[in-house]
Amino acid sequence: MKRVPEFKTDAEAEAFLEQDLSGLDFKQFTPMHFEVARKEAALNVRLPAALMDAVRAKAKAKGIPYARYVRMVLEADLQRSR
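Counting from 1, position 26 in the sequence shown corresponds to residue 1030 in the working numbering; the numbering is continuous, with no gaps.
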């Protein structure tokens, strides 16, 4: 199976996508979560500094803002409890 190469420009990526992609190895891809719903409510929470530092570090490791990480953790917990 063929791996997807890294592209330097959008034009290279677009040209690659014009070909038959059925022979690609899709195991290298990871799921993406897109934020599309509008957020109407706000939540203010006081946390111990150590917990906040841990949250920020975890979010940074995932490459996302810490507020989005907190929201994802809350959503995942609610999904598990259904």
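C-beta atoms are modelled at their ideal positions from N, C-alpha and C, and glycine is treated no differently.
Fair warning: this is a prediction, and the values are worked out from it, not measured in the lab.
With three or more C-beta pairs closer than 8 Å as the rule, is the region 1025-1041 touching the region 1054-1062? no
For L1055, the three-state DSSP class (helix, strand or coil): helix
Among V1077, R1072, A1080, S1085, which one has its Cα closest to the Cα of E956? What is shown of the chain runs 1005 to 1086, which leaves residue 956 out entirely.
Tell me where the alpha helix (DSSP H) around M1076 begins and ends. 1070-1084
Where L1047 sits in the DSSP three-state scheme: coil
Verify whether the separation of the beta carbon atoms of A1061 and Y1070 is less than 7 Å. no
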